[in-house]
Amino acid sequence: MARFVRPRSVLAVRDLAASTLYYTEVLGFGEDSIEASGWSFLSRDGVQLMLGECVDEVDATETGNHSWFLHVMVEGIDELHQEVTQKGGKIAVPLGNRSHGHREFVVETPDGHRIMFGEAIP
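By our numbering, the letter at position 96 of the sequence shown is numbered 129, and the numbering carries on one by one without gaps.
In structure tokens form, the structure reads like this:
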């Protein structure tokens with residue numbers, strides 16, 4: 034039987050170079066050794082992304098509450114929040130404990146994608 038190995042989220046971006054820089058410099062992703070014109074393949078600790086350059090793409094902020102594109106569970110949420118904040122990441126939802134038992138915060142990327150990072154509260 035076929036076995037799923039891992040997902041790789043795909044995000045449309047208007048400026049591939051600027052977005053790749055944001056994901057590597059602010060969010061700490063590394064560039065994978067896959068080369069394809071118009072694409073960046075990124076990963077951090079097993080989380081994998083594909084950024085696809087779509088210059089005419091509608092800004093993700095125009096989708097309102099549908100601009101949530103990724104939820105990443107982490108270990109060390111406070112350290113990650115500090116890392117992202119110190120590197121100039123735009124925090125869309127502040128770090129805090131949520132009623133569903135997670136400590137979370139949300140970043141908004143230059144293309145308006147909102148990514149939530151969370152950790153289970155022990």
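Even for Gly, the Cβ is constructed at its ideal location relative to N, Cα and C.
Since the model is a prediction, treat every value here as computed from it, not as a measurement.
What is the DSSP secondary structure of residue i, counted as helix, strand or coil?
i      : result
Glu108 : coil
Ala125 : strand
Leu49  : helix
Glu58  : helix
Glu68  : coil
Val91  : coil
Val140 : strand
Gly145 : coil
Val117 : helix
Gly63  : strand
On a Cα-Cα basis, can you pick out the residue from the options that is closest to residue i?
i      : options                       : result
Ile154 : Ala93, Ser132, Gly121         : Ser132
Ile148 : Glu86, Asn130, Val80, Cys87   : Val80
Gly151 : Glu141, Asp48, Lys120, Val107 : Val107
Glu141 : Ala50, Glu95, Met34           : Glu95
Ser52  : Gly85, Asp78, Ala35           : Gly85
Glu90  : Ala35, Met34, Asp144          : Asp144
CA-CA distance, residue i and residue j?
i      : j      : result
His104 : Gly97  : 17 Å
Phe102 : Ala93  : 9 Å
Lys123 : Ile110 : 16 Å
Gly63  : Phe138 : 21 Å
Glu58  : Gly121 : 10 Å
Gly71  : His146 : 18 Å
List the whole-angstrom C-beta distance separating residue i from residue j, where the pair is believed to meet the contact cut-off of C-beta under 8 Å.
i     : j      : result
Asp65 : Leu75  : 6 Å
Cys87 : Val46  : 7 Å
Leu60 : Val117 : 7 Å
Leu82 : Arg39  : Contact doesn't hold; Cβ gap of about 12 Å is too wide.
In this structure, what does DSSP give as the bridge partners for residue i?
i      : result
His135 : Ala153
Phe74  : Met83
Val38  : According to DSSP, Val38 bridges with nothing at all.
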